[in-house]
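The listed protein sequences correspond, in order, to chains A and B.
Just so we're aligned: the first sequence equals residues 101 to 207 in this note's numbering.
Just so we're aligned: the second sequence equals residues 45 to 167 in this note's numbering.
Where is the CB? At the ideal position from N, CA and C, for every residue including glycine.
Notes to accompany the following structure.
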Amino acid sequence: DIQMTQSPSSLSASVGDRVTITCRASQDIRKYLAWFQQKPGKAPKSLIYAASSLESGVPSKFSGSGSGTDFTLTISNLQAEDVGTYYCQQYNSYPHTFGQGTRLEIK
Amino acid sequence: QVQLVQSGAEVKKPGASVRVSCKASGFTFTDYHIHWVRQPLGQGLEWMGRINPNNGGTSYAQKFQGRVTMTRDMSVTTAYMELNRLRSDDTAVYYCARVVPCTTLVCSSLDSWGQGTLVTVSS
């Protein structure tokens, strides 16, 4: 199975900050990486697919980059509503493994 | 609008089976694959498998092979996930989610999710 490793595991930032979360795959997954946001008690919400394509309706403050084994999710102009846990998922090969999650909070 | 509506919470004893349903509406059921993902309380997401409603073809995570069965009923646009021989560590919220199959031009991800079904396994 492909292992997905996210860093950091948790992150605290101020309103207006730009934050970056990284995701590393244990082998080449080309561009088949997605990012999800999950708020407490809610289902995950898709933000980014194919490493850098923004899901319909998702604000442009979210952006993704990378290919191969190293990927990043960047959130600009951080707001209170961005608090939650962020997950990456590879879908290059089965099983479609998730990273362990990054918990984002506001200082 | 696109909706995936799951069945209600379940409480099961160890060794029993559970079946969770996922009713699709607002889109053409056979144009998408349905994936199942679970999340133990307070923990991360775990991919379980997927079904192609068109032909019933499935792919399961090795961890669940032999214990999980994913099916669909096209007449009611509903996907099902059955997990057998339940253990206490199967206690989790189970989600279904849809994804359009990859083409040569684009390969997207899980774009719409059900609300989740809590399955509690306890003696």
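Proximity test, Cβ basis, 8 angstroms: residue i and chain A
| i | result |
| --- | --- |
| residue 46 (chain B) | no |
| residue 132 (chain B) | no |
| residue 88 (chain B) | yes |
| residue 51 (chain B) | no |
| residue 105 (chain B) | yes |
| residue 80 (chain B) | no |
Residue from the options with nearest C-alpha to residue i
| i | options | result |
| --- | --- | --- |
| residue 176 (chain A) | A:189, A:192 and A:159 | A:159 |
| residue 135 (chain B) | B:78, B:73 and B:83 | B:83 |
| residue 113 (chain B) | B:94, B:167, B:120 and B:59 | B:94 |
| residue 51 (chain B) | B:66, B:60, B:107 and B:58 | B:66 |
| residue 134 (chain A) | A:140, A:117, A:183 and A:122 | A:122 |
| residue 73 (chain B) | B:53, B:141, B:103 and B:89 | B:141 |
| residue 192 (chain A) | A:131, A:112 and A:103 | A:131 |
| residue 141 (chain A) | B:149, B:146 and B:138 | B:138 |
| residue 127 (chain A) | A:180, A:168 and A:184 | A:168 |
| residue 118 (chain A) | A:174, A:157 and A:151 | A:174 |
| residue 151 (chain A) | B:153, B:159 and B:64 | B:153 |
| residue 157 (chain A) | A:166, A:165 and A:146 | A:146 |
| residue 108 (chain A) | A:170, A:120, A:102 and A:101 | A:120 |
| residue 127 (chain B) | B:163, B:103, B:88 and B:87 | B:163 |
Interface flag, residue i vs chain B, CB-CB below 8 angstroms
| i | result |
| --- | --- |
| residue 194 (chain A) | yes |
| residue 116 (chain A) | no |
| residue 197 (chain A) | yes |
| residue 179 (chain A) | no |
| residue 205 (chain A) | no |
| residue 150 (chain A) | yes |
| residue 112 (chain A) | no |
| residue 189 (chain A) | yes |
| residue 201 (chain A) | yes |
| residue 146 (chain A) | yes |
Pairwise C-alpha distance: residue j and residue i
| i | j | result |
| --- | --- | --- |
| residue 80 (chain B) | residue 194 (chain A) | 13 angstroms |
| residue 178 (chain A) | residue 71 (chain B) | 34 angstroms |
| residue 117 (chain B) | residue 125 (chain B) | 12 angstroms |
| residue 144 (chain B) | residue 75 (chain B) | 6 angstroms |
| residue 155 (chain B) | residue 154 (chain A) | 11 angstroms |
| residue 184 (chain A) | residue 204 (chain A) | 5 angstroms |
| residue 123 (chain B) | residue 206 (chain A) | 38 angstroms |
| residue 180 (chain A) | residue 110 (chain B) | 44 angstroms |
| residue 90 (chain B) | residue 119 (chain B) | 29 angstroms |
| residue 102 (chain A) | residue 189 (chain A) | 10 angstroms |
| residue 157 (chain B) | residue 78 (chain B) | 10 angstroms |
| residue 179 (chain B) | residue 63 (chain B) | Since the first residue shown for chain B is 45 and the last is 167, residue 179 (chain B) is missing from the structure and cannot be characterised. |
Neighbourhood of residue i by C-beta distance below 7 angstroms, restricted to the same chain and skipping five residues each side
| i | result |
| --- | --- |
| residue 69 (chain B) | 47 and 121 |
| residue 58 (chain B) | 130, 131, 132, 165 and 167 |
| residue 182 (chain A) | 175 and 204 |
Cutoff 6 angstroms; reference residue i; Cβ partners in own chain excluding five residues on either side
| i | result |
| --- | --- |
| residue 187 (chain A) | 136, 198, 199 and 201 |
| residue 55 (chain B) | 164 |
8 angstroms Cβ shell around residue i - same chain, five flanking residues per side excluded
| i | result |
| --- | --- |
| residue 101 (chain B) | 95 |
| residue 172 (chain A) | 120, 121, 122, 123, 164, 165 and 166 |
| residue 144 (chain A) | 136, 137, 138 and 187 |
Closer than 7 angstroms, Cβ to any Cβ of chain B: which residues of the stretch 121-144 of chain A, in chain order?
Flagged, chain order: 132, 134, 143 and 144.
Quick one, which residues of the stretch 129-163 of chain B are near chain A if we go by CB-CB under 9 angstroms, in chain order?
137, 139, 141, 143, 146, 150, 151, 152, 153, 154, 155, 156, 157, 158, 159 and 160
Note down, in chain order, all residues in the stretch 62-77 of chain B with a beta-carbon under 8 angstroms from any beta-carbon belonging to chain A.
Residues: none.
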